[in-house]
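A.B. asks: Supplied in structure tokens, the structure appears directly below.
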Amino acid sequence: MTSTTSHLVIHPDVSAALLSGKAVVALESTIISHGLPSPRNVVVAKEIEDNVRAGGAVPATIAILDGKVHVGLNDSQLEQLGDPASNVVKVSTRDLGPVIASRANGATTVSATSHIAHLAGIKYFATGGLGGVHRGARETWDESADLVTLARTPITVVCAGVKSILDVGATVERLETLGITVVGFGTDRFPGFYRADSGYDVTWRVDTVEQAAAIATERDAIKAPGAIVLAQPVSAEDELDLALHDATLASGLEAATKANISGKDVTPFLLDWFHTKTNNASLEVNVTLINANARLAAQVAVAAARP
Ligand code: PSU
Ligand code: MN
């Protein structure tokens with residue numbers, strides 16, 4: 001039976017898993033509605049869920065439909081989110097109240113997804129790349145709300161670092177200041193989303209899912225308020241060619257400035273620029289890494305759920 005708790009509509013598979021202490025992995029929906037092109041986005045949304053299942057956990061994709069906050073979606077709801085005609089708003093934590101109140105459709109970012117997942121009692125979350133400090137932030141103050149939300153939300157987010165379109169060095173500093181624990185999975189280097197190595201170190205490293213689960217369990221026990229970012233790099237064979245990456249980024253940043261793109265439109269604009277200008281090579285990297293993250297998050301959640 002679908003349960004409705006504190007304004008959340010929880011999918012029956014998700015609520016059954018939560019009640020019996022089984023592994024659940026939250027998934028965001030901005031990547032479906034604003035990060036990937038239609039119609040591939042819906043195919044990928046289902047693939048991500050299948051990877052969570054293959055890792056032994058129950059997927060809970062989070063989104064707002066007609067003002068209802070859903071934790072776990074069925075296929076037709078995933079299709080609705082991926083349809084450009086559905087008028088889906090990009091929803092960060094600040095947008096939750098207004099979008100729910102106006103009974104609109106919303107795709108949740110890392111920020112809003114983390115908040116809702118924690119509210120629902122879900123401890124693991126998989127995504128592609130986190131938002132962070134944008135290049136030029138010294139003038140624009142453009143820093144993703146992902147960072148401040150993760151500072152106060154005790155969840156474990158599996159990702160491929162932060163998007164390489166950002167000022168990675170500044171983001172790494174902000175992660176430290178905000179009390180967010182960054183752990184490399186099988187690496188000492190902070191991954192760079194489309195690239196395996198961003199050029200920065202991580203403070204902590206694990207090599208097994210059991211070690212990752214132990215860190216999350218101890219964080220919960222000691223009630224540290226911030227998230228754990230478990231950063232898994234894309235493999236060397238799958239990463240985007242460096243010269244192509246750098247050239248695309250430079251032209252994309254210039255185009256964004258010329259077109260006066262600001263606020264919440266910056267990230268979708270740059271992601272779309274990459275997909276178009278690299279003939280979808282960046283899209284394939286994005287899909288590969290998010291599927292790998294979904295599987296890893298499931299495995300860590302399973303390890304943590306073991307008695
Ligand atoms: N990672 C991806 N694709 C995306 C995003 C992340 O591979 O579309 C989204 C996430 O939802 C993230 C958001 O929270 O971009 C950050 O947007 P902003 O920079 O406006 O905070
Ligand atoms: Mn921003």
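Just so you know, the working numbering puts 49 at position 49 of the sequence shown, and the rest follows in order with no gaps.
Here a beta-carbon is modelled for each residue, glycine too, at the ideal position from N, C-alpha and C.
None of the values given here were measured: they were computed from a predicted structure.
1) Among all the DSSP beta bridges, which residues are the ones paired with Gly192?
2) Could you check if Glu28 belongs to the surroundings of the ligand PSU, using beta carbon to heavy atom distance under 7 Å?
3) Going along the chain, which residues of its own chain have a beta-carbon closer than 6 Å to the beta-carbon of Ala17, five neighbours each way excluded?
4) Closest by CA to Gly186, which one among Asp241, Asn260, Ile10, Ser235?
5) At which residues does the alpha helix (DSSP H) containing Arg309 begin and terminate?
6) Tell me the residue span of the alpha helix (DSSP H) that contains Thr248.
7) Short of 6 Å in beta carbon distance, which residues of its chain neighbour Ala298, apart from the five on each side in sequence? Order them along the chain.
8) With respect to 7 Å, is the separation between the Cβ of Gly82 and the closest non-hydrogen atom of the ligand PSU below this value?
9) For Thr181, collect the residues of the same chain with a Cβ closer than 6 Å to its Cβ; drop the 5 residues on either side in sequence, then sort them by chain order.
10) Per DSSP, which residues does Phe185 bridge with? Please list them.
11) Considering only heavy atoms of the ligand PSU, does any lie closer than 7 Å to the CB of His245?
12) Between Thr217, Lys123, Glu210, Gly131, which lies nearest to Ser164 when the distance is taken from Cα to Cα?
13) Could you work out which residue in Leu73, Val302, Gly67, Leu27 is closest to Pro12 when comparing CA atoms only?
14) Could you tell me whether the Cβ atoms of Gly82 and Ser114 are closer together than 8 Å?
15) So what does Lys68 bridge to, in DSSP terms?
16) With C-beta atoms as the reference, is Ala145 less than 8 Å away from Thr93?
17) Relative to the alpha-carbon of Glu47, which residue among Ala305, Ile290, Asp188 has its alpha-carbon at the smallest distance?
18) Tell me whether the region 120-138 and the region 146-162 touch, counting them as touching only if at least three CB pairs, one residue from each stretch, are closer than 8 Å.
19) Inspect the CB distances between the region 165-173 and the region 187-205 and report whether three or more fall short of 8 Å.
20) Roughly how many whole angstroms lie between the Cα atoms of Thr149 and Asn293?
21) What are the residues that DSSP puts in a beta bridge with Glu143?
22) Just to confirm the assignment: which complete beta strand (DSSP E) runs, minimum length 3, are found wholly within the region 24-92?
23) With distances taken Cα to Cα, identify the nearest neighbour of Asn260 among Thr140, Pro37, Lys277, Leu119.
C.D. replies: Reading it off the structure:
1) Gly161, Arg195
2) yes
3) Val24, Val58
4) Ser235
5) Here the chain has residues from 1 to 307 only, and residue 309 is not among them.
6) 242-258
7) Val25, Val52, Gly55, Gly56, Ala57
8) no
9) Ile228
10) Val206
11) no
12) Gly131
13) Leu73
14) no
15) Leu65
16) yes
17) Ile290
18) yes
19) yes
20) 20 Å
21) Val133
22) 24-27, 58-65, 68-71, 88-91
23) Thr140
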